[in-house]
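Notes for the one structure printed next.
Encoded structure:
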């Protein structure tokens, strides 16, 4: 067409926008402006604003807003609603509120658009305030509020459903879906059952989305049998090719109830039935792969993801990166990460955590640096991962750089971050800075207390570790097994037998905990190193479980240290009898016999090694006569 008029241009822009190609519609609008043959009117502005809202182009939307003001079109309620919708969908709610205030003749669309905008941004206080100001809220308004509350897991969603019923407004399929979502989030099986009954009475039981919501609700409330019953009832008339939402709900239900085998079988059934997976299906399938930890299964699902074109979709891609990183396949994770254009925090944190776990500290820190340069949102789990990298590399400088970043962003007071910082300072040998950080905390939990106590233990500050344990107890916090292990380790390194024994006994008598194998190992090692062999033997004999190899090895090492040949022979024979397949045991026993000058015993061990002989396992009992 040689000279299209404004009607033609507007029709073409609207057509592209309505068929899901808004960017091409905006290109046409730009071409029209560049041709300088036509001036946009209110209909063109409305079409372009819709396209802007779909692609999130608030900048172009603001330019149109300026053009509308110059053309004095603010009195057109329909056009102002389109402008309001654009700002709301682009997340520019301050601009949206200003447009709303400027609309002289507000209609229900005006109110509902802004309320929906607030609910989508999880600004429920603002949405509720607007709802209360609205002269006559309609069903769309009620549903917008209920949906927003349901999305945030608020019990108020159910209260609004009840209020709506009392005011004589009939709930529709969407209302029931939101109410069931809330029950699912709250694990409220009783209320969910009531809504189920009301839904049947209202004639909405056959709606595919409500059936899916029912399956979700019963599954999340751990009533899987009822969820399967509903699924079986309706899946016959709703095959996977027509109702993937229902199948996804059942799939999610199996995973939520840890029935991964049935979930995997359902994935196979969907695939063989010709069903087209969506991003949600794939995200569940990949979570199943994480559970089974099978690289072949992961590769098969990944291949299907690529075939269906979802590999670079950020939700699926992020889970794939997390999966490969957890399986140790960091190369595949990196290749996928580099191809993704939209990388969310899950993709970044999964890759950084994977690198840290595999000892690729330089790469992990490089990724973190890139996140900072791109000004991306960094959560405390990313911080924790890179601090572990600094700890493993003993890089105090990089650790302090991360600490400075945490202070700048206000993360320093968060529990996980604080504990990671203390751990970093301890492992980098700068426990004084760790103690300074701890002393500045306004809120301290058990994890923080344990972190600083373990840090003192790692740096040989036993007296401070004991003092901190006492302060922790006096502050009303209950030490856990790790806390006590930290203090006992500190005492072991410092040779504080009396203090360690008192703390060990208090684990059970004062704190109601059962000492674990590691606690016993600390005490046996400490008694042995200090030459208290009778106490070490009695402790081993009184243990409520069988001592492991490390306990016997600790005692054998102590025998060598204190030249105790009698006990060394008893312990060595027990070790050889209980671990005849372990070559390291023979090496250790030989070294101890050699160090103690027990040449006959050493010769016997060597003969056993030559013959690969085995002895019967001995009883874990020691008697010391002197």
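Residue numbers (this note's numbering): 1015 to 1640.
A virtual CB, placed ideally from N, CA and C, is assigned to each residue, including glycine.
Predicted, not measured: the structure shown is a model, and the values here were computed from it.
When you compare only the Cα positions, how much space is there between residue 1250 and residue 1287? If you take the alpha carbons of residue 1250 and residue 1287, they lie about 13 Å apart.
Going by other Cβ atoms of all chains shown within 10 Å of its Cβ, with 16 needed for buried, is residue 1363 buried or exposed? So residue 1363 ends up on the buried side.
Can you give me the start and stop residues for the alpha helix (DSSP H) that residue 1099 sits inside? Counting along the chain, the unbroken alpha helix (DSSP H) around residue 1099 starts and ends at 1091-1103.
Mind the definition here: the stretch 1168-1175 touches the stretch 1188-1201 only if three or more C-beta pairs lie below 8 Å; say whether that holds. Two segments are said to touch when three or more pairs of C-beta atoms, one from each, lie closer than 8 Å; by this definition the stretch 1168-1175 touches the stretch 1188-1201.
Taking 8 Å as the limit between beta carbons, can you name the residues of its chain near residue 1630, skipping five residues before and five after? Bear in mind that a pLDDT of 38 at residue 1630, under 50, signals an unreliable position, so the number given afterwards is only what the model happens to contain. Excluding residues within five positions, the ones whose Cβ falls inside 8 Å are 1591.
Mapping DSSP to helix, strand and coil, what is residue 1185? In this structure, residue 1185 counts as coil in the three-state DSSP scheme.
Per-residue burial, residue 1528 [other beta carbons within 10 Å of its own, 16 or more giving buried]: It is exposed - the Cβ of residue 1528 has fewer than 16 other Cβ atoms within 10 Å.
Alpha-carbon to alpha-carbon, residue 1187 and residue 1229: Approximately 15 Å, taken between the alpha carbons.
Evaluate residue 1621 with the Cβ neighbour count: other Cβ atoms within 10 Å of its Cβ, from every protein chain shown; 16 or more gives buried, anything less gives exposed. Counting C-beta atoms within 10 angstroms of its own C-beta, residue 1621 has fewer than 16 neighbours from the protein chains shown and is therefore classed as exposed.
Rank 1231, 1492 and 1218 by C-alpha distance to the C-alpha of residue 1204 and give the top, closest one. Selected option, being the one with the closest Cα: 1231.
Exposed or buried, residue 1092, counting other C-beta atoms within 10 Å across all chains shown (16 or more means buried)? Burial is judged here by how many other beta carbons sit within 10 angstroms of a residue's own beta carbon; residue 1092 has fewer than 16 and is exposed.
Nearest-angstrom Cα distance between residue 1246 and residue 1225? Those two C-alpha atoms are separated by around 11 Å.
Give every residue of the same chain whose Cβ lies closer than 6 Å to the Cβ of residue 1333, excluding the five residues on either side of it in the sequence, and list them in chain order. Closer than 6 Å at Cβ, skipping near neighbours: 1297 and 1300.
Same chain, Cβ closer than 7 Å to residue 1316, five either side skipped, listed in chain order: Cβ within range, chain order: 1334.
Are there 16 or more other CB atoms within 10 angstroms of the CB of residue 1484, so buried, or fewer, so exposed? Exposed: under 16 other Cβ atoms inside 10 Å.
From this set, 1142, 1610, 1611 and 1418, which residue's C-alpha is nearest residue 1174's C-alpha? Here the closest residue by C-alpha is 1142.
Expected contact under 8 Å - CB spacing of residue 1399 and residue 1440 to nearest Å: 17 Å between Cβ atoms; not a contact.
Quick check: the stretch 1317-1328 against the stretch 1337-1344, are there 3 or more CB pairs under 8 Å? Under the 8 Å Cβ criterion, the stretch 1317-1328 does not count as touching the stretch 1337-1344, having fewer than three qualifying pairs.
Just checking my contact of residue 1127 with residue 1153 at CB under 8 Å: how many whole Å lie between their CB atoms? Rounded to the nearest angstrom, the Cβ distance from residue 1127 to residue 1153 is 15 Å, too far for a contact under 8 Å.
Residue 1500 in three-state terms, based on DSSP: Correct three-state label for residue 1500: helix.
Does the beta-carbon of residue 1119 have 16 or more other beta-carbons within 10 angstroms, so that it is buried, or is it exposed? Result: exposed.
Can you find the residues in the same chain that come closer than 8 Å, C-beta to C-beta, to residue 1471, ignoring five residues on each side of it along the sequence? Sequence-distant Cβ neighbours of residue 1471 in its own chain, meaning closer than 8 Å and more than five residues away, are 1479, 1500, 1501, 1503, 1504 and 1507.
For residue 1031 versus residue 1076, is the C-beta distance shorter than 8 Å? Taking 8 Å as the Cβ cut-off, residue 1031 and residue 1076 do not qualify as a contacting pair.
CB contact check: residue 1075 to chain B, cutoff 8 Å: No chain B appears in this structure, which consists of one protein chain only.
May I ask you to report which of helix, strand or coil DSSP gives residue 1053? In the structure shown, residue 1053 sits in coil (DSSP, three-state: anything other than H, G, I, E or B).
Short of 8 Å in beta carbon distance, which residues of its chain neighbour residue 1039, apart from the five on each side in sequence? Order them along the chain. Around residue 1039: 1026, 1027, 1028, 1029, 1030, 1031, 1061, 1062 and 1065.
Pick out whichever of 1523, 1524, 1574 and 1496 has its Cα sitting closest to the Cα of residue 1536. Nearest neighbour of residue 1536 by Cα position, chosen from 1523, 1524, 1574 and 1496, turns out to be 1496.
Label residue 1218 either buried or exposed according to how many other C-beta atoms from any shown protein chain fall within 10 Å of its C-beta, with 16 as the threshold for buried. It is buried - the Cβ of residue 1218 has at least 16 other Cβ atoms within 10 Å.
Ignoring anything shorter than 4 residues, give me the alpha helix (DSSP H) runs that lie fully in the stretch 1345-1420, in order along the chain. 1359-1371, 1375-1387 and 1394-1406, all fully within the stretch 1345-1420.
Smallest Cα separation from residue 1307: which of 1331, 1321 and 1341? Of the candidates 1331, 1321 and 1341, 1341 places its Cα closest to the Cα of residue 1307.
Span separating the alpha-carbon of residue 1281 from that of residue 1265: Rounded to the nearest angstrom, the two C-alpha atoms are 8 Å apart.
Buried/exposed call for residue 1019, threshold 16 Cβ in 10 Å: Per the 10 Å Cβ criterion, exposed.
Go ahead and pull the three-state DSSP assignment for residue 1066. Looking at residue 1066 - three-state DSSP - the assignment turns out to be helix.
Please report the straight-line C-alpha distance between residue 1131 and residue 1462, rounded to a whole angstrom. Spanning the two alpha carbons is a distance of roughly 40 Å.
Is the beta carbon of residue 1159 less than 8 Å from the beta carbon of residue 1189? Here residue 1159 is not near residue 1189, since their CB atoms are 8 Å or more apart.
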